[in-house]
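Student: Under the UniProt record's numbering, residues 1 to 458 are what the sequence shown spells out, in order. Each residue gets a CB set at the ideal place from its N, CA and C atoms; glycine is no exception.
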Amino acid sequence: MCWVEFKFAVIMDKKVVSRYCYLFKTSKSVCLAYSSKTNSFMELSEDLFDILNKSIIKGNYAIPHDLPDNILKILEHEGIVCGEHDDDDYVTRCQFITQSVQHDKSKLNLVLVPTLNCNFNCPYCFENDKRVSRMDDNTINNLIAFIRDSEYAKELTLTWYGGEPLLAYQVIEKILNRISSELSIKITRHSMITNGYMINDDVIRLFQKYPLDSMQITLDGTKERHNKLRSLKANHAPTYDRIIDNIDTVVSKLPNTELHVRVNIDKNNVNDFYQINEELKNKYKGKRIVVYPGIIRLENEGRTNLVEPAFGRWETAYLLFDLYNKGIIDGNIYPIHRIAKTCCALCVNSYIIGPTGEIYKCWNDVSDMSKVIGYINKPDIENKTLYYRYHEGCAWYNDSLCKSCFFLPICNGKCAWYNERNLYHGANYNLCQCLQKAPGLLNKCLAYFYESQMTKSE
Numbered sequence: 001m002c003w004v005e006f007k008f009a010v011i012m013d014k015k016v017v018s019r020y021c022y023l024f025k026t027s028k029s030v031c032l033a034y035s036s037k038t039n040s041f042m043e044l045s046e047d048l049f050d051i052l053n054k055s056i057i058k059g060n061y062a063i064p065h066d067l068p069d070n071i072l073k074i075l076e077h078e079g080i081v082c083g084e085h086d087d088d089d090y091v092t093r094c095q096f097i098t099q100s101v102q103h104d105k106s107k108l109n110l111v112l113v114p115t116l117n118c119n120f121n122c123p124y125c126f127e128n129d130k131r132v133s134r135m136d137d138n139t140i141n142n143l144i145a146f147i148r149d150s151e152y153a154k155e156l157t158l159t160w161y162g163g164e165p166l167l168a169y170q171v172i173e174k175i176l177n178r179i180s181s182e183l184s185i186k187i188t189r190h191s192m193i194t195n196g197y198m199i200n201d202d203v204i205r206l207f208q209k210y211p212l213d214s215m216q217i218t219l220d221g222t223k224e225r226h227n228k229l230r231s232l233k234a235n236h237a238p239t240y241d242r243i244i245d246n247i248d249t250v251v252s253k254l255p256n257t258e259l260h261v262r263v264n265i266d267k268n269n270v271n272d273f274y275q276i277n278e279e280l281k282n283k284y285k286g287k288r289i290v291v292y293p294g295i296i297r298l299e300n301e302g303r304t305n306l307v308e309p310a311f312g313r314w315e316t317a318y319l320l321f322d323l324y325n326k327g328i329i330d331g332n333i334y335p336i337h338r339i340a341k342t343c344c345a346l347c348v349n350s351y352i353i354g355p356t357g358e359i360y361k362c363w364n365d366v367s368d369m370s371k372v373i374g375y376i377n378k379p380d381i382e383n384k385t386l387y388y389r390y391h392e393g394c395a396w397y398n399d400s401l402c403k404s405c406f407f408l409p410i411c412n413g414k415c416a417w418y419n420e421r422n423l424y425h426g427a428n429y430n431l432c433q434c435l436q437k438a439p440g441l442l443n444k445c446l447a448y449f450y451e452s453q454m455t456k457s458e
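1. Throw me the rounded Cβ distance for the Val16 and Tyr90 pair, which I believe falls under 8 Å.
2. When burial is assigned at 16 or more other CB atoms within 10 Å of the CB, is Pro123 buried or exposed?
3. Within its chain, find whatever has a CB closer than 8 Å to the CB of Ser231; leave out the 5 residues flanking it on each side and keep chain order.
4. Taking Val111 as part of the beta strand (DSSP E), name the residues at either end of that continuous run.
5. DSSP state of Met135, grouped into three classes?
6. Which class does Phe407 belong to by DSSP, given the choice of helix, strand or coil?
7. For the segment 212-263, list the beta strand (DSSP E) runs that are entirely contained and at least 3 residues long, ordered along the chain.
8. Could you tell me whether the segment 155-167 touches the segment 103-113, using the rule of 3 or more Cβ pairs below 8 Å?
9. Write down every uninterrupted run of the beta strand (DSSP E) in the segment 133-219 whose length is 3 residues or greater and which is fully enclosed by it, in chain order.
10. With H, G and I counted as helix, E and B as strand and the rest as coil, what does DSSP make of Ser452?
11. Write down the C-beta distance between Pro335 and Ser36 rounded to the nearest angstrom, noting that I regard them as a contact closer than 8 Å.
12. Candidates Ala168, Lys403, Trp363 and His337: which alpha carbon is nearest Asn39's?
13. Contact check, Val171 vs Ile204 under 8 Å by CB: the rounded distance?
14. Quick check: what's the CA-CA separation for Lys361 versus Phe146?
15. Mind pulling the alpha helix (DSSP H) runs of 4 or more residues that sit fully within the segment 3-57?
16. Could you check how far apart the C-beta atoms of Thr342 and Thr188 are, in whole angstroms? I think they sit under 8 Å.
17. If you compare alpha carbons, which of Thr218, Thr356, Arg93 and Asp50 is closest to Lys403?
18. Specify, as a first and last residue, the run of the alpha helix (DSSP H) that Glu278 falls within.
19. Please classify Gln453 as buried or exposed, where buried requires at least 16 neighbouring CB atoms within 10 angstroms.
20. Is Thr356 helix, strand or coil by DSSP?
21. For Ala340, which residues of its own chain have a beta-carbon under 7 Å away from its beta-carbon, when the five flanking residues on both sides are left out?
22. Thinking C-alpha only, which one of Cys405, Asn53 and Tyr292 is nearest Asp88?
23. To the nearest whole angstrom, what separates the beta carbons of Leu23 and Phe41, a pair I think is in contact under 8 Å?
24. Could you name the residues that DSSP lists as bridge partners for Ile289?
25. For Lys228, count neighbouring C-beta atoms within 10 Å of its own C-beta (all shown protein chains included) and say buried if the count is 16 or more, exposed if not.
26. Restricting to Cα atoms, I'd like to know which of Val263, Cys415 and Tyr448 is closest to Tyr429.
27. Counting pairs of Cβ atoms below 8 Å between the segment 245-260 and the segment 196-210, do you hit three or more?
28. Select from Asp66, Ser106, Glu173 and Val348 the residue whose C-alpha is nearest the C-alpha of Gly374.
29. Here's a check: name, in chain order, each residue in its chain whose Cβ is nearer than 6 Å to the Cβ of Lys25, leaving out the five neighbours to either side.
30. To which residues of the same chain is Ser55 closer than 8 Å at the C-beta, ignoring the five residues directly before and after it?
31. Using the Cβ count rule (16 or more neighbours within 10 Å means buried), how would you classify Val4?
32. Just to check, is the beta-carbon of Ser231 closer than 7 Å to a non-hydrogen atom of the ligand ZN?
33. Report the option in Glu420, Asp330, Ile296 and His85 whose CA atom is closest to the CA atom of Arg288.
34. Skipping 5 residues on each side, what residues in its chain have a beta carbon closer than 7 Å to that of Asn269?
35. For Ile265, which beta-bridge partners are listed by DSSP?
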């Protein structure tokens, strides 16, 4: 081999500590390396821990040439060490997969809003200023044609949203009957978000015929607090007991539907979640029911920042970690490996369709006419500025901080709605991984995750 060839080979073989590697010591003084790229841990000796840590501190991340080959191979396998350009190649791969999902037309994702009306009078709800309207037969005709004309779509994901969608039960029934009888597309995921008050025998029969994979029902804390905040709009009558009765009905008569009970909390009622969670889990033990905290986001008038008594992002992180660590919430708080990082706003074949056939790209935009991007009976995008802002301007791969971030492999990207507010409307929301803003919590979360993994393997 000539000198030039040898030099080229050395350059190509340069190994560095991956930017997705995080070194830390547990409270039990165990030296660990965690790779967010492989979502795995490696226990290190003190000496090896110090070697890797020094490479990071120096800033060049270079691995010493005298590190034994067998150790180097293990570090590479676990994603702790990589080639000089491997991390950049990983970002390129994530971008490719994300864009493939963004432009995938084989799946049509629809959130249908059959009515903007609601029977509740929640003081904080973003639905309060929404126009009252209901999907008519002409709009239903246009909707069926819209689905039929999505020629590449073989699968349909369908979610019912509002307002309160069950106030338009007959509209939902018509749409489901027509999809079943007139279209060949298959509904592969079927869900509903409801306040739970309007569930009756007719609703149960409909969803026995067209099963729901999941249903979300919201409680606003304990009975007393809930009835103050979620009373009926017409007469301010309480709603809690009827919702609980309807939860009983769903659990018993729609056993294949996973019921998600969201308990809204802020700093004033955080203890309500502990109480309700215990009551419902004991009552429905063994049933398909998930109880989880809904973190209320209260914003200032200009919608540029969160305000009290809403939890800040790092406060939310501490709260959720405490709930997971105590076994109050099932599963692991962290981490989940994510290659494609998308949402409805970023995907070309995902739409929220309002009761007059207007199309939105984000749930938060519903009823805001300035956020309508088009109509189901018209082929062209009418609000191109917002459409492209969501699709490209808010995409993680166009954000240099996201592309270089340690959390990228285990993050789903910034919320497109809030990011659009930040980028184009002067807002200042903290949208990054909450662990970045929660001092000391990253080590605790990773140690908890590591110990739980070790327990499973024993």
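Tutor: With the given structure in hand:
1. Val16 to Tyr90, Cβ: 13 Å. No contact.
2. Flag for Pro123 reads exposed.
3. Here Ser231 has Phe120, Asn121, Ala237, Pro238 and Thr239 as same chain residues with Cβ atoms under 8 Å from its own Cβ, once five neighbours each way along the sequence are excluded.
4. First-last of the beta strand (DSSP E) with Val111: Lys107 to Leu112.
5. It is coil, neither helix nor strand.
6. Three-state result, Phe407: coil.
7. Entirely contained in the segment 212-263, the beta strand (DSSP E) runs reaching 3 residues are, in chain order, 214-219.
8. Touching, yes.
9. Qualifying beta strand (DSSP E) stretches, in chain order: 155-160, 186-194 and 214-219.
10. In the structure shown, Ser452 sits in a helix (DSSP, three-state: H, G or I).
11. Pro335 to Ser36, Cβ: 7 Å. Contact.
12. Considering only alpha carbons, the answer is His337.
13. In fact, because the Cβ distance is near 17 Å, the residues do not count as touching under 8 Å.
14. So the alpha carbons of these two residues sit roughly 16 Å apart.
15. Within the segment 3-57, the runs of alpha helix (DSSP H) at least 4 residues long that lie entirely inside it are, in chain order, 3-12.
16. The distance from the Cβ of Thr342 to that of Thr188 is about 17 Å, inconsistent with a contact at the 8 Å cut-off.
17. The option with the nearest alpha carbon to Lys403 is Arg93.
18. Run containing Glu278: Val270 to Lys283, per the alpha helix (DSSP H) assignment.
19. Gln453 is exposed by the Cβ-count criterion.
20. Here Thr356 sits in coil by DSSP.
21. Same-chain partners within the cutoff: Ile97, Thr98 and Val101.
22. Out of Cys405, Asn53 and Tyr292, Cys405 has the C-alpha closest to the C-alpha of Asp88.
23. Separation of the CB atoms of Leu23 and Phe41 is rounded to 11 Å, and the pair is thereby denied contact status at 8 Å.
24. Checking the DSSP bridge columns, you'll see Ile289 partnered with Leu259.
25. Of the other Cβ atoms in all chains shown, fewer than 16 fall within 10 Å of the Cβ of Lys228; this residue is therefore exposed.
26. Out of Val263, Cys415 and Tyr448, Cys415 has the C-alpha closest to the C-alpha of Tyr429.
27. A contact exists between the segment 245-260 and the segment 196-210.
28. The residue with the shortest Cα to Cα distance from Gly374 is Val348.
29. Cys31, listed in sequence order.
30. Here the set comprises Val16, Val17, Tyr61, Ala62, Ile63 and Pro64.
31. Confidence at Val4 is low in this model, with a pLDDT of 45, below 50, so its placement is unreliable and the value that follows should be read with caution. Answer is exposed; the Cβ neighbour count stays below 16.
32. Ligands displayed in this structure: none; no statement on the ligand ZN is therefore possible.
33. When each option's Cα is compared against that of Arg288, the closest is Asp330.
34. If the five residues before and after Asn269 are omitted, its C-beta is found closer than 7 Å to the C-beta atoms of Gly221 and Arg225, all from its own chain and listed in chain order.
35. Paired residue(s): Ile295.
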